[in-house]
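Here our numbering is used: the first residue of the sequence shown is 55, the next is one more, and so on.
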Amino acid sequence: MSVEQGRPLPFGDASFELVSSRHPVSPDWAEIARVLTPDGTYFAQHVGPESASELIEWFLGPQPREQQLGRDPEREASAARAAGLRIVELRTARCRMQFFDIGAVVYILRKGVWWVPDFTVERYADRLEQLDACIRAQGAFVTHSTRTLFEATRRP
């Protein structure tokens, strides 16, 4: 089920023993805590800080540090605690992503439209040609995908 950002979840208090999510943009910790039963679990994979930053910055240039703070696992954990959740596990992994041809880069930028929001091949033709030359010279372009595992429980 998908719920519009900022809207309450359409469920009663303490309705679920488990709430899960994959890549929430901005978890509504108070709503998560509200719908969990006492000792209920929130289990999710969040996008971590600076995910794919090397690729994003190739096209957009250096990005403001403040932009990544919302994805900081410790800040998210602090907000979860403030909403009455207890952090059971918080684990971040930074995984290597390799692009071996420019077609794969174009594909991922068309799928992950939030990385380079105004991306088109025509608009970024010069940067794509430069990246293609780098891939051919070095064998691959490397960036990193960051993910954070969250497990939290509602305090009884």
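Heads up, the beta-carbon is just placed ideally off N, CA and C, and yes, glycines get one too. These numbers were taken from a predicted model, which means no experiment stands behind them.
| query | result |
| --- | --- |
| Beta-carbon spacing of His97, Phe204 below 9 Å | The amino acid occupying residue 97 in the given sequence is Phe; His does not appear at that position. Taking 9 Å as the Cβ cut-off, Phe97 and Phe204 qualify as a contacting pair. |
| Test item: CB-CB of Leu144 and Ile86 under 9 Å | no |
| Extent of the continuous alpha helix (DSSP H) run through Ser107 | 107-114 |
| Pairwise C-alpha distance: Glu108 and Arg150 | 11 Å |
| Given Gly166 as reference, the closest of Glu128, Ser105, Ile141 once Cα atoms are compared | Ser105 |
| Delimiting residues of the beta strand (DSSP E) encompassing Glu128 | It is not in any beta strand (DSSP E) - Glu128 instead sits in the alpha helix (DSSP H) that spans 127-136. |
| Sequence-distant residues of its chain with Cβ nearer than 8 Å to Arg76 (five each side left out) | Ala98, Gln99 |
| Simplified DSSP assignment, three categories, for Asp186 | helix |
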